[in-house]
Amino acid sequence: MAAAATMAAAARELVLRAGASDVEEEEGPLGGGSGLQEPLQLGELDITSDEFILDEVDVHIQANLEDELVKEALKTGVDLRHYSKQVELELQQIEQKSIRDYIQESENIASLHNQITACDAVLERMEQMLGAFQSDLSSISSEIRTLQEQSGAMNIRLRNRQAVRGKLGELVDGLVVPSALVTAILEAPVTEPRFLEQLQELDAKAAAVREQEAMGTAACADVRGVLDRLRVKAVTKIREFILQKIYSFRKPMTNYQIPQAALLKYRFFYQFLLGNERATAKEIRDEYVETLSKIYLSYYRSYVGRLMKVQYEEVAEKDDLMGVEDTAKKGFFSKPSLRSRNTIFTLGTRGTVISPAELEAPILVPHTAQRGEQRYPFEALFRSQHYALLDNSCREYLFICEFFIVSGPAAHDLFHAVMGRTLSMTLKHLESYLADCYDAIAVFLCIHIVLRFRNIAAKRDVPALDRYWEQVLALLWPRFELILEMNVQSVRSTDPQRLGGLDTRPHYITRRYAEFSSALVSINQTIPNERTLQLLGQLQVEVENFVLRVAAEFSSRKEQLVFLINNYDMMLGVLMERAADDSKEVESFQQLLNARTQEFIEELLSPPFGGLVAFVKEAEALIERGQAERLRGEEARVTQLIRGFGSSWKASVESLSQDVMRSFTNFRNGTSIIQGALTQLIQLYHRFHRVLSQPQLRALPARAELINIHHLMVELKKHKPNF
Numbered sequence: 001m002a003a004a005a006t007m008a009a010a011a012r013e014l015v016l017r018a019g020a021s022d023v024e025e026e027e028g029p030l031g032g033g034s035g036l037q038e039p040l041q042l043g044e045l046d047i048t049s050d051e052f053i054l055d056e057v058d059v060h061i062q063a064n065l066e067d068e069l070v071k072e073a074l075k076t077g078v079d080l081r082h083y084s085k086q087v088e089l090e091l092q093q094i095e096q097k098s099i100r101d102y103i104q105e106s107e108n109i110a111s112l113h114n115q116i117t118a119c120d121a122v123l124e125r126m127e128q129m130l131g132a133f134q135s136d137l138s139s140i141s142s143e144i145r146t147l148q149e150q151s152g153a154m155n156i157r158l159r160n161r162q163a164v165r166g167k168l169g170e171l172v173d174g175l176v177v178p179s180a181l182v183t184a185i186l187e188a189p190v191t192e193p194r195f196l197e198q199l200q201e202l203d204a205k206a207a208a209v210r211e212q213e214a215m216g217t218a219a220c221a222d223v224r225g226v227l228d229r230l231r232v233k234a235v236t237k238i239r240e241f242i243l244q245k246i247y248s249f250r251k252p253m254t255n256y257q258i259p260q261a262a263l264l265k266y267r268f269f270y271q272f273l274l275g276n277e278r279a280t281a282k283e284i285r286d287e288y289v290e291t292l293s294k295i296y297l298s299y300y301r302s303y304v305g306r307l308m309k310v311q312y313e314e315v316a317e318k319d320d321l322m323g324v325e326d327t328a329k330k331g332f333f334s335k336p337s338l339r340s341r342n343t344i345f346t347l348g349t350r351g352t353v354i355s356p357a358e359l360e361a362p363i364l365v366p367h368t369a370q371r372g373e374q375r376y377p378f379e380a381l382f383r384s385q386h387y388a389l390l391d392n393s394c395r396e397y398l399f400i401c402e403f404f405i406v407s408g409p410a411a412h413d414l415f416h417a418v419m420g421r422t423l424s425m426t427l428k429h430l431e432s433y434l435a436d437c438y439d440a441i442a443v444f445l446c447i448h449i450v451l452r453f454r455n456i457a458a459k460r461d462v463p464a465l466d467r468y469w470e471q472v473l474a475l476l477w478p479r480f481e482l483i484l485e486m487n488v489q490s491v492r493s494t495d496p497q498r499l500g501g502l503d504t505r506p507h508y509i510t511r512r513y514a515e516f517s518s519a520l521v522s523i524n525q526t527i528p529n530e531r532t533l534q535l536l537g538q539l540q541v542e543v544e545n546f547v548l549r550v551a552a553e554f555s556s557r558k559e560q561l562v563f564l565i566n567n568y569d570m571m572l573g574v575l576m577e578r579a580a581d582d583s584k585e586v587e588s589f590q591q592l593l594n595a596r597t598q599e600f601i602e603e604l605l606s607p608p609f610g611g612l613v614a615f616v617k618e619a620e621a622l623i624e625r626g627q628a629e630r631l632r633g634e635e636a637r638v639t640q641l642i643r644g645f646g647s648s649w650k651a652s653v654e655s656l657s658q659d660v661m662r663s664f665t666n667f668r669n670g671t672s673i674i675q676g677a678l679t680q681l682i683q684l685y686h687r688f689h690r691v692l693s694q695p696q697l698r699a700l701p702a703r704a705e706l707i708n709i710h711h712l713m714v715e716l717k718k719h720k721p722n723f
């Protein structure tokens, strides 16, 4: 309908415009013909007026022409005036129809109006009810806030009352003395469990009362008297019990570890005394220190004295040194020397004392050893004595820390109050013994025993003996160094001419050194010490010089070399049995032995094959300098060497082998020297062949008499000794 209305309006406008145009055409001649009429007052319709805006008209016309209905009407050639009237008629019909529809629905519209009016009334009443509800809710929320405030205040009062009740209950519980506590403290023996339980309760109540008294609590006065009487009774019973246990230590043949274990079971007793009666606690501690210090001192003094009675009767003396000759005579009143001085420098089975199994073995029992007529070296007695000292000291230190509730410096002080006299006695005894001790191996073993015991004490977490171990080492190390220096000096001052008859066999002084050095090196390998290596280095230098001095006493170089090789080989063999292959001593003597062996082989080959050796060296020197032509004048000499070697080499080799086997005590060493000599002989003859292959000697007739190298090697193998 909107489109139809628009179209009708547009058509109406076109009709009006068309009518206007027709009027203008009809009136045009009239206006132009007579000129008598007055001009028409058209106003806005006056197109001749300057106020008429043609542009707006064009735009309006153009807009109407763009309408789809107008376009359709113009395209089909519809008469716009007729079409406009038709549209107006349709509009009137539609209007009449709409009026009839409205009249037909008037009752419904009236009913709808009444319903809307009723709804408005209902909504108004609802609005009033909701307003009343809102006002009611506002009052309820204020009441809820009031109730919340009252509830919070009640909760605070409740918590405050509960806190007061809890503290008051604790206070009352701490102050009230139950009848079970009184009965147990007064009547129960201290060894019963209920006495210990009630004693702990009494200690807690006494501590609580002291705390409350400090805070000014008046109720403490009501129970102070009862608690004091109970405390005095408990202190009295505990004092008697602990002193009785301490006095039981004094009984002869008592195993004091049993009463100590009993005291540890009731260690709270001392804790109670420490917190409630310090004077009694100090009395008990002083009594324990006095009793145990005397017991330990008496026990160790007796044990050490009995232990020294089972020591070997033959011990090293100041004259039993490495450089002292066996033929030395002593004065008429001197003590007889050791049956075999070499045992002083030999380790043997003595080294087992520092093995893990032997180190912590049970201590020696002197009277059992005396009945069995057993004797021990000093290091075994030292091990037994100090293992007993270590074991008891560790147990005592741990007991002191646990029972007397001490630690750190306080524990050290209390331990030394108990064990100090015993440790001092042990140090004095050791110092006295070392003053006349000349057994370096025994002293060195004692040093390593102390080092191991110190590690054991550290593993047991007992630092109280650290100072004692340092004091023992401070006695042992200087004595060991002194004994070693005395041996060094004895070797340095030994005069070979006073040693009597000499032979090429290993000297007893070098054998002493080899045994002694290997013993110290093997012991030192377990816990290396640089000081020991330095001292052994000094001793080694003096022994090497001594061997050279003795070797100089032989007239021939060959005998000197045999003596040197025998001694170096013996010392090297003994060292390799105990020391590591890469030790300094082994490497040093290995180098000396190799050098002297090579020199001896040259000395050995010189008599039978000296001419051959000299010629080969001269010829090789000439060839190296480019003077090989001078070899032409040596034909006679070469011929003599070829024939002489061919006729005598077998006998010479046989004599050489026998001489070597007679000269060396170690057959294995002799075999090695023979093999080296034969190898060098083959190399020498091979070099001789190379010299004869030079052009200057190649035509020599005597070359046909040369022995084939391979044949010579086969023959020489027959002379190789087998052991």
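If you number the sequence shown the way our numbering does, the last residue is 723 and the count never jumps.
Beta carbons: idealized from backbone N, C-alpha and C, even for Gly.
Exposed or buried, what is residue i when buried is set at 16 or more other beta-carbons lying within 10 Å of its beta-carbon?
{"i": "C220", "result": "buried"}
{"i": "Q93", "result": "exposed"}
{"i": "V87", "result": "buried"}
{"i": "A704", "result": "exposed"}
{"i": "L716", "result": "buried"}
{"i": "V547", "result": "buried"}
{"i": "V714", "result": "exposed"}
{"i": "A328", "result": "Any reading at A328 is ruled out, since the residue's pLDDT is 47, under 50, leaving its predicted position unreliable."}
{"i": "F453", "result": "buried"}
If you compare alpha carbons, which of the options is closest to residue i?
{"i": "A262", "options": "K245, S393, R224 and G275", "result": "K245"}
{"i": "A457", "options": "Y387, A474 and Q150", "result": "Y387"}
{"i": "V223", "options": "V177, G305 and F415", "result": "V177"}
{"i": "M425", "options": "L593, V574, L186 and L389", "result": "L389"}
{"i": "E602", "options": "L575, I156, V87 and Q675", "result": "Q675"}
{"i": "P478", "options": "R239, L451, Q497 and F444", "result": "F444"}
{"i": "S583", "options": "K459, E599, S518 and L292", "result": "S518"}
{"i": "P377", "options": "F241, A316, E192 and R239", "result": "A316"}
{"i": "V574", "options": "E515, G501, Q680 and F195", "result": "E515"}
{"i": "Q260", "options": "V182, F403 and R350", "result": "F403"}
{"i": "L605", "options": "F195, L227, A677 and Q198", "result": "A677"}
{"i": "R239", "options": "D228, Q271, S555 and E620", "result": "Q271"}
{"i": "V724", "options": "P193, D319 and I523", "result": "The first residue shown for the chain is 1 and the last is 723, placing residue 724 beyond what the model contains."}
{"i": "T191", "options": "E149, G537 and F241", "result": "F241"}
{"i": "P362", "options": "F269, P356, G372 and S384", "result": "S384"}
{"i": "N255", "options": "Y296, A163 and Q200", "result": "Y296"}
{"i": "L631", "options": "T217, L700 and H113", "result": "L700"}
Going by beta carbon distance, what residues of the same chain come within less than 6 Å of residue i, once the five residues before and after it are set aside?
{"i": "S663", "result": "V562"}
{"i": "L30", "result": "Its pLDDT being 35, under 50, L30 is placed unreliably in this model, and the coordinates cannot settle the point."}
{"i": "A369", "result": "V310"}
{"i": "P189", "result": "none"}
Less than 8 Å between the CB atoms is what I'm expecting for residue i and residue j, so what's the real figure, rounded?
{"i": "Y508", "j": "V543", "result": "Not a contact, Cβ separation roughly 12 Å."}
{"i": "L381", "j": "I441", "result": "Not quite, the Cβ-Cβ distance comes to about 14 Å (not below 8 Å), so this is no contact."}
{"i": "V324", "j": "S490", "result": "6 Å"}
{"i": "I344", "j": "D436", "result": "Incorrect: roughly 14 Å between the Cβ atoms, too far for contact."}
{"i": "T494", "j": "E559", "result": "That pair is no contact at about 20 Å."}
{"i": "V418", "j": "V289", "result": "5 Å"}
By Cβ distance, which residues of its chain are closer than 8 Å to residue i, with the 5 residues on each side in sequence left out?
{"i": "L749", "result": "With the chain covering only 1 through 723, there is no way to say anything about residue 749."}
{"i": "H689", "result": "L706 and I709"}
So, for residue i: in the same chain, excluding its five sequence neighbours on each side, which residues have a beta-carbon less than 7 Å away from its beta-carbon?
{"i": "Q374", "result": "V310"}
{"i": "L430", "result": "V472 and L475"}
{"i": "V406", "result": "I400 and L414"}
{"i": "C394", "result": "A457, R460 and V462"}
{"i": "L712", "result": "I682 and Y685"}
{"i": "E277", "result": "V235"}
{"i": "L423", "result": "Y468"}
{"i": "A206", "result": "L227, R231 and N276"}
{"i": "G611", "result": "L641"}
{"i": "A628", "result": "L622, Q694 and Q696"}
For the ligand SAH, is there any heavy atom lying closer than 7 Å to the beta carbon of residue i?
{"i": "A110", "result": "The ligand SAH is absent from the structure shown, which contains no ligand whatsoever."}
Subject >> 4 or more residues per run - each alpha helix (DSSP H) lying fully within the stretch 606 to 690 >> reply: 635 to 663
**OP:** Please go through the stretch 210 to 249 and give each complete alpha helix (DSSP H) segment of 4 or more residues, from N-terminal end onward.
**Re:** 220 to 247
Original post:
Going along the chain, which unbroken runs of the beta strand (DSSP E) with 3 or more residues stay wholly within the stretch 110 to 136?
Top reply: none
Subject >> Within the stretch 544 to 583, ranges of the beta strand (DSSP E) (whole runs, at least 3 residues) >> reply: none
Subject >> Start-end ranges of the alpha helix (DSSP H) lying completely within the stretch 135 to 190, minimum 4 residues >> reply: 179 to 187
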